[in-house]
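Visitor: So the protein sequences, as listed, match chains S and R.
Going from the first sequence to my numbering is simple: count from 1 and add 6.
Going from the second sequence to my numbering is simple: count from 1 and add 6.
Backbone N, C-alpha and C fix where the C-beta goes; we use that ideal spot for every residue, glycine too.
2 protein chains.
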Amino acid sequence: MEKNFKEAEKFRYLILAVQRQGNNLLKNYLKEIGVTPSHAEVISILKNAQSITLKELGRLLICEDGSPSRLVERMVKDQLIERVRDENDSRFVRLALTPLGNEKYSLIIKAEAEMYTMLQQIYTSDELQISNQMLSKLLTDTPFEQKLEERGFGVNK
Amino acid sequence: MEKNFKEAEKFRYLILAVQRQGNNLLKNYLKEIGVTPSHAEVISILKNAQSITLKELGRLLICEDGSPSRLVERMVKDQLIERVRDENDSRFVRLALTPLGNEKYSLIIKAEAEMYTMLQQIYTSDELQISNQMLSKLLTDTPFEQKLEERGFGVNK
DNA sequence: ACTTAATAGATGACGTGTCATTTAATTTAT
DNA sequence: ATAAATTAAATGACACGTCATCTATTAAGT
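Structure (structure tokens):
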């Protein structure tokens, strides 16, 4: 067994740094659109799964766990999405993009594309795949594995 | 140029997921010690660089940027560290571990070692090195590159 | 039918990180 | 020597995520 944890410790901080750096980058790209990276994630999910419930959204979100009441609350206030009580079971709230939310979506796609392009300038296609495989290994048997699976980012996708 | 951003998008969410999963794991390990991952980072830095100033701490921290006044404030209240005004230039505040902070440090080391051991059970030594190289590439010419360098996690360390 | 259990979501309280501003101390310029 | 500029840290305001608790609605058990 390894008793030298230097590389492991380095990995820990690299993951933190890369996540924060990427988030800052995306935040800047999204700033002029007036949304945060979390907003962008919600809007993207809603675009691909209209009329989802709050609970289902929570199951799909990577940026937050538990029920995203607070995040949704803010986005409703910002007129990005709207809450609609379910007809059959009024415990559920179904979420939908507003016209404003739809407008933002097309802008978000462009901002994200810029970031992904930048990433592809640093990593070759092979490197990106290898990195994804390596990172995926760390999520085996964690709640995130299922989230990513349901989002279409599973191992064999 | 790639127009298919699927892998890049997957990478984005994998980084977020891995960071959050790792943070949750560490948070649980540290819970019984009564400190957070951020606390652990500060304590580790202070152990290796006694009598550092608040500003220098800010330069070294990965978990937060800017001046970590708030983080330090809470840790002082928790009696983990103490503030000492610099004799020569009383604008500066020098930070030092309290006896309690020192006690926590030895426990933190053990908790972190458990996590690093777990990581080493998932990754081979080679995989870990490759991952670190890959992640490091993303931080080229970013503020984090310098932080990691100063922390002893530079490219050739 | 009525009571109890389970479920979805909302809410209060809290810890946390960030930014802009303010305060205090030192350095520089005149 | 004095005034202005610079610097370190503290502080107020705010956005965010998490947890425990509460409310409302539906389902299950008797």
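1) Reducing DSSP to helix, strand and coil, say where Thr42(S) ends up.
2) Cβ of Lys16(S) less than 8 angstroms from any chain R Cβ?
3) Kindly confirm or deny that the region 113–129 of chain S and the region 31–41 of chain S touch, where touching means at least three C-beta pairs closer than 8 angstroms.
4) Could you pull the start and end residues of the beta strand (DSSP E) that Val99(S) belongs to?
5) Return the chain-ordered list of same chain residues with a C-beta closer than 8 angstroms to the C-beta of Tyr129(R), the five sequence neighbours on each side being excluded.
6) Among Leu113(R), Met81(R), Asp95(R), which one has its Cα closest to the Cα of Ala102(R)?
7) So, helix, strand or coil for Val161(S), using DSSP?
8) Closest to Ala46(S) by CA distance: which of Lys61(S), Val99(S), Leu106(S), Val24(S) is it?
9) Could you tell me whether any Cβ in chain R is nearer than 8 angstroms to the Cβ of Lys143(S)?
10) State yes or no: is the beta carbon of Gln85(R) nearer than 8 angstroms to at least one beta carbon in chain S?
11) Please classify Glu79(S) as buried or exposed, where buried requires at least 16 neighbouring CB atoms within 10 angstroms.
12) Please give me, in chain order, every unbroken run of the beta strand (DSSP E) with length at least 3 that falls completely inside the region 54–111 of chain S.
13) Using a C-beta to C-beta distance shorter than 7 angstroms, which residues of chain R count as neighbours of Leu22(S)?
14) Check whether the region 140–149 of chain S touches the region 15–30 of chain R, counting contact only when three or more Cβ pairs, one atom from each stretch, lie closer than 8 angstroms.
15) Please report the Cβ distance between Gln127(R) and Ala14(S), rounded to the nearest whole angstrom; I am assuming they are in contact, meaning their Cβ atoms lie under 8 angstroms.
16) Chain S beta carbons: is any one of them nearer than 8 angstroms to that of Glu120(R)?
17) Straight-line CA distance for Val99(R) to Gln56(S)?
18) With a Cβ-Cβ cutoff of 8 angstroms, do Val161(R) and Lys110(R) count as a contact?
19) Would a check of beta-carbon distances place Glu155(S) closer than 8 angstroms to chain R?
20) Taking Gln85(R) as the reference, which of Gly28(R), Gln135(R), Thr104(R) has the closest Cα?
Guide: Here's the rundown:
1) The answer is coil: DSSP assigns Thr42(S) none of H, G, I, E or B.
2) Yes, its Cβ sits closer than 8 angstroms to a Cβ of chain R.
3) The answer is yes - the region 31–41 of chain S touches the region 113–129 of chain S, with three or more Cβ pairs under 8 angstroms.
4) Its beta strand (DSSP E) spans residues 99–103.
5) Excluding sequence neighbours, Tyr129(R) sits near Ser137.
6) With distances taken between Cα atoms, Ala102(R) lies closest to Met81(R).
7) In this structure, Val161(S) counts as coil in the three-state DSSP scheme.
8) That would be Leu106(S), whose Cα lies nearest to the Cα of Ala46(S).
9) Lys143(S) counts as touching chain R.
10) Gln85(R) does not count as touching chain S.
11) It is exposed - the Cβ of Glu79(S) has fewer than 16 other Cβ atoms within 10 Å.
12) Within the region 54–111 of chain S, the complete beta strand (DSSP E) segments of 3 residues or longer fall at 87–91, 99–103, listed in chain order.
13) At a beta-carbon threshold of 7 angstroms, the residues of chain R lying near Leu22(S) are Gln25, Ile68, Cys69, ordered along the chain.
14) By the criterion of at least three beta-carbon pairs nearer than 8 angstroms, the region 140–149 of chain S is in contact with the region 15–30 of chain R.
15) Rounded, the Cβ-Cβ distance is 11 angstroms, inconsistent with contact.
16) Taking 8 angstroms as the CB threshold, Glu120(R) stays off the interface with chain S.
17) Taking the straight line from one Cα to the other gives about 53 angstroms.
18) Note that the C-beta distance between Val161(R) and Lys110(R) is not below 8 angstroms.
19) Not one chain R Cβ lies under 8 angstroms of Glu155(S).
20) Closest option to Gln85(R), Cα to Cα, is Thr104(R).
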